[in-house]
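2 protein chains.
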Amino acid sequence: MSATVLNGLITEIAQGGIKMVDLTETLRPEYPTIQLPEEFKQALPFSAEVISKYDGDGPAWYWQNITLSEHTGTHFDAPCHWVTGKDLPNGSTDTLIVENMIAPVVVIDCSKEVAADKGFILTVEHLQKWEAEHGTIPAGCWVFLRSDWRKVADPDNYTNMQEDGAHSPGPDVAACRWMIEERDVLGFGCETVGTDAGQAFSFDPPYPHHYFFMGSGKYGLQCMTNLDQLPATGAVIISAPLKILNGSGSPLRVLALVPDRAQEPAQ
Amino acid sequence: MSATVLNGLITEIAQGGIKMVDLTETLRPEYPTIQLPEEFKQALPFSAEVISKYDGDGPAWYWQNITLSEHTGTHFDAPCHWVTGKDLPNGSTDTLIVENMIAPVVVIDCSKEVAADKGFILTVEHLQKWEAEHGTIPAGCWVFLRSDWRKVADPDNYTNMQEDGAHSPGPDVAACRWMIEERDVLGFGCETVGTDAGQAFSFDPPYPHHYFFMGSGKYGLQCMTNLDQLPATGAVIISAPLKILNGSGSPLRVLALVPDRAQEPAQ
Ligand SMILES: [Mn+2]
Ligand SMILES: [Mn+2]
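Residue numbers (this note's numbering), protein chains in the order written: chain A, 13 to 279; chain B, 13 to 279.
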């Protein structure tokens with residue numbers, strides 16, 4: 013049976029019955045890295061330096077040294093990223109449960125709401141309205157907030173920073189607790205630079221996604237793209253972080269497997 | 013059908029019918045990076061610097077900046093890594109065909125040969141003997157050379173460097189050409205620091221894996237571990253490199269999906 017499933021996976025990918033969608037932004041120097049208030053130390057953006065390029069430093073080969081942070085570009089947040097998750101088992105990139113690196117996803121389309129209000133806050137009411145249409149969110153699955161952020165954000169002010177801080181979408185405290193306590197999801201993902209809303213510094217507690225998800229051994233994915241190519245239910249996410257010793261997170265390639273009958277529920 | 017396959021994948025992973033095996037070495041400063049003759053520029057080993065750890069630099073969060081090369085730790089070689097593949101389409105980490113990031117694998121167990129001779133050279137004869145026992149190597153699949161290198165190598169001389177250069181296993185020129193021209197494989201992977209044999213600088217052409225595989229738009233994977241946990245046929249490899257702009261390769265998490273009826277052929 014398991015061999016049949018794996019053969020089916022390879023065959024369906026080859027024949028296009030399962031479409032693969034790359035949810036990853038290209039790692040490049042210009043892609044914005046999260047900016048904290050200046051009293052805190054900052055994460056580095058991506059940079060690359062050529063070691064050799066078919067030249068005297070290496071006649072037949074091209075390669076680069078690279079510098080970045082664990083939270084640069086499309087990346088994964090591990091539980092130990094936040095103080096609430098610091099002592100949990102399987103909480104760093106080198107101790108994660110590998111079986112969680114393949115998991116179903118539900119996609120909450122908030123693109124209209126974000127187009128009308130870039131600081132849109134995801135609430136329990138919104139999640140329950142989604143469930144009324146698409147069914148109960150299954151335990152162990154990713155919840156992705158689709159914002160189409162690349163289309164609505166000002167490229168020169170990608171985090172939408174204003175005088176009173178950033179305005180970008182994210183969940184409120186109750187929505188975070190509901191996803192964990194009522195639905196036992198695997199993690200929460202988005203297209204913006206942080207999983208928490210731009211104004212989440214003012215929530216109680218601040219940064220509720222980080223506070224509650226990391227504190228429950230759950231995950232985050234951010235700086236993704238192409239969420240508009242995913243169905244509401246039925247897709248499967250491959251998210252395998254680098255195995256960094258004691259890593260708090262990791263840039264990674266996030267891939268979605270999308271069945272051709274996209275509306276068929278995952279379970 | 014495609015939805016059924018994806019549901020089956022999630023169910024079998026949850027129930028243990030499909031076992032996930034992590035083929036990745038932990039990214040850590042001590043893990044050896046390939047060393048070239050000193051006239052060439054070198055790739056950096058992995059290093060990490062704490063940005064904050066629940067302290068004054070970031071009271072609620074822990075994260076690190078990291079530096080490494082595209083070819084540090086368990087990593088992927090893209091076609092543009094070698095001059096023979098420099099102008100091929102889909103040849104860098106940001107232009108790779110994503111469908112190739114999930115592919116079957118055949119595992120050639122050379123652990124006995126390597127235990128007897130650390131510089132063991134894989135030949136066409138050896139591959140044909142493997143086929144006589146396990147069936148024809150299918151097109152589009154990975155070929156992994158299992159050496160159990162971690163068990164046989166001297167930890168203080170991991171590349172097994174001697175006066176006349178390194179002695180570690182790898183394929184000869186004819187084996188590389190045969191895998192490409194007669195079997196059209198996807199790539200070649202191993203547990204040693206390089207896909208080419210330690211003595212491959214003296215082959216004609218030098219470094220035949222790099223020369224022929226990169227020049228044919230095919231791939232390499234190296235510095236893997238746990239290949240002794242894979243069946244000869246029937247497993248599926250997930251190898252999704254970072255999406256580095258013009259990247260020649262990338263550290264990555266390599267995962268294997270192993271069916272419980274391991275001896276059943278993949279096709
Ligand atoms: Mn992060
Ligand atoms: Mn390499």
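C-beta atoms are modelled at their ideal positions from N, C-alpha and C, and glycine is treated no differently. These figures come from a predicted structure and were not determined experimentally.
The residue from Ile22/A, Ala60/A, Leu100/A, Gln174/A with its alpha-carbon nearest to that of asparagine 258/B is Ala60/A. A distance criterion of 6 Å places the beta-carbon of aspartate 69/A beyond contact range of ligand 2, judged by its closest non-hydrogen atom. In this structure, DSSP gives asparagine 77/B an extended state, which the three-state scheme calls strand. Residues of chain A with a Cβ closer than 7 Å to the Cβ of leucine 39/B are, in chain order, Leu254, Lys255, Ile256, Leu257. Between the alpha carbons of serine 262/B and glutamate 37/B lies a distance of about 14 Å. When distances are taken from the beta-carbon of aspartate 89/A to the heavy atoms of ligand 1, the shortest one is below 6 Å. The C-beta separation of isoleucine 30/B from serine 14/A comes to about 5 Å, placing the pair in contact by the 8 Å criterion.
Proximity of arginine 273/A to chain B, defined by a Cβ-Cβ separation below 7 Å, is satisfied.
Take isoleucine 249/A, set aside five residues on each side of it, and the residues of its chain with a beta-carbon closer than 7 Å to its own are Ala115, Val117, Trp154, Val266, Ala268, in chain order. Contact check between the stretch 239–254 of chain B and the stretch 93–108 of chain A: fewer than three CB pairs, one atom from each, fall below 8 Å, which does not count as touching. In this structure, the beta-carbon distance from alanine 244/B to histidine 146/B falls below 7 Å.
In this structure, glycine 206/B lies away from glutamine 174/B, with their beta-carbon atoms at least 7 Å apart. The Cβ-Cβ distance between glutamate 111/B and isoleucine 120/A does not fall below 7 Å.
In the structure shown, arginine 158/A adopts extended strand secondary structure according to DSSP, grouped into three states. DSSP, reduced to helix, strand and coil, places glutamate 61/A within a strand of the structure shown.
A residue is called buried when at least 16 other Cβ atoms come within 10 angstroms of its Cβ; arginine 158/A meets this threshold and is buried. Contact note: tyrosine 66/B reaches chain A through Val95, Lys98, using a C-beta cutoff of 7 Å and chain order. Taken in chain order, the members of the stretch 69–85 of chain B whose beta-carbon sits within less than 7 Å of a beta-carbon on chain A are Asp69, Gly70, Ala72, Trp73, Tyr74, Trp75, Gln76, Asn77, Ile78, Thr79, Leu80, Ser81, Glu82, His83.
The three-state secondary structure of valine 95/B, taken from DSSP, is helix. Not a single heavy atom of ligand 2 lies less than 6 Å from the C-beta of glycine 147/B.
At least one CB atom of chain B sits nearer than 7 Å to the CB of glycine 20/A.
Pairing phenylalanine 58/A with threonine 84/A gives a Cβ-Cβ distance under 7 Å. Nearest C-alpha to lysine 255/B among Gly20/A, Asp34/A, Pro271/A: Asp34/A.
Checking the 6 Å criterion, the Cβ of glycine 261/B is within range of a heavy atom belonging to ligand 2.
In this structure, the CA atom of proline 271/A is about 44 Å from the CA atom of proline 217/B. Of the heavy atoms belonging to ligand 1, none sits nearer than 6 Å to the Cβ of histidine 222/A.
Counted as a single uninterrupted DSSP element, the stretch harbouring methionine 13/A is not any beta strand (DSSP E), since DSSP gives it neither H nor E. Non-local C-beta neighbours of aspartate 160/A in its own chain, meaning closer than 8 Å and more than five positions away in sequence, comprise Ser123, Val126, Ala127, Glu203, Leu239, Asp240, ordered along the chain. Nearest to glutamate 137/B by C-alpha distance, out of Ala72/B, Trp190/B, Phe88/B, is Trp190/B.
Taking the beta carbon of cysteine 202/A as reference, no residue of chain B falls within 9 Å; the closest one sits roughly 18 Å away.
Taking 7 Å as the threshold, the shortest C-beta distance from aspartate 106/B to chain A falls below it. Alanine 128/B sits in a helix when the DSSP states are folded into three classes.
Boundaries for histidine 83/A: no alpha helix (DSSP H) harbours it, and the DSSP string shows neither H nor E there. Residue-level contact check: glycine 246/B touches chain A, since one or more beta carbons of chain A fall below 7 Å from its beta carbon.
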